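Asks: Just passing along the structure, written as structure tokens.
Residue numbers (this note's numbering): 12 to 120.
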């Protein structure tokens with residue numbers, strides 16, 4: 012298992028698409044609590060602006076649009092997850108498991 016930066020270009024693309032799909036699915040469910048902690052307010056605003064503008068599209072189409080318009084921001088967020096990947100760009104654990112682990116350590120008041 013290796014960090015995103017160590018993957019081949021093809022594997023990085025697969026990792027990006029998987030992360031974007033995960034993010035967009037949670038955006039559509041209004042469940043970004045953990046994900047918004049990864050980026051700055053301006054980064055999150057840019058991604059979410061694009062997703063709101065085209066929210067009528069499918070997740071797959073939103074991934075395509077996001078790759079064109081906000082790919083660099085998504086890569087920045089992906090790197091901050093500290094997820095490791097196999098040589099093909101498949102994450103070491105599912106993104107849902109990754110999120111559940113972060114939810115488990117949230118402070119409650």
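We put the CB at the ideal spot given by N, CA and C, even for glycine.
Just so we're clear, the structure is a prediction, and the values are computed from it rather than from any experiment.
Could you give the residue range of the alpha helix (DSSP H) that holds residue 115?
Replies: As a working note, residue 115 is residue 104 in the chain shown. Per DSSP, residue 115 belongs to the alpha helix (DSSP H) from 106-115.
Asks: What residues match up with residue 95 in a beta bridge as DSSP calls it?
Replies: If you number the chain shown from 1, residue 95 lands on position 84. Partner(s): 14.
Asks: Could you check the C-alpha separation between residue 73 and residue 36 for me, to the nearest Å?
Replies: Along the chain shown, read from residue 1 onward, the residue named residue 73 stands at position 62. Along the chain shown, read from residue 1 onward, the residue named residue 36 stands at position 25. Between residue 73 and residue 36, the C-alpha separation is close to 10 Å.
Asks: Quick one: Cα of residue 44 to Cα of residue 71, how far?
Replies: Translated into positions along the chain shown, residue 44 becomes position 33. Translated into positions along the chain shown, residue 71 becomes position 60. The alpha-carbon atoms of residue 44 and residue 71 are separated by roughly 22 Å.
Asks: With three or more beta-carbon pairs closer than 8 Å as the criterion, would you say the region 57-72 touches the region 92-112?
Replies: no
Asks: Considering Cα atoms alone, identify which of 32, 76, 30, 52 is closest to residue 61.
Replies: Indexing the chain shown from 1 puts residue 61 at position 50. With distances taken between CA atoms, residue 61 lies nearest to 76 out of 32, 76, 30, 52.
Asks: Between which two residues does the alpha helix (DSSP H) harbouring residue 81 extend?
Replies: What you label residue 81 is simply residue 70 of the chain shown in a count that begins at 1. Neither: residue 81 is in no alpha helix (DSSP H) and is coded neither H nor E.
Asks: Note down, in chain order, each residue of its chain lying with its Cβ closer than 8 Å to the Cβ of residue 28, except the 5 sequence neighbours on either side.
Replies: As a working mapping, residue 28 is identified with position 17 in the chain shown. The residues are 74, 78.
Asks: From this set, 67, 26, 48, which residue's C-alpha is nearest residue 105's C-alpha?
Replies: Along the chain shown, read from residue 1 onward, the residue named residue 105 stands at position 94. Checked all of 67, 26, 48; the closest Cα to residue 105 is 26.
Asks: Are the CB atoms of residue 31 and residue 95 within a distance shorter than 8 Å?
Replies: Here residue 95 corresponds to residue number 84 of the chain shown, with the count starting at 1. Here residue 31 corresponds to residue number 20 of the chain shown, with the count starting at 1. Cβ distance not < 8 Å, so residue 95 and residue 31 don't count as in contact.
Asks: Exposed or buried, residue 85, counting other C-beta atoms within 10 Å across all chains shown (16 or more means buried)?
Replies: Indexing the chain shown from 1 puts residue 85 at position 74. So residue 85 counts as buried.
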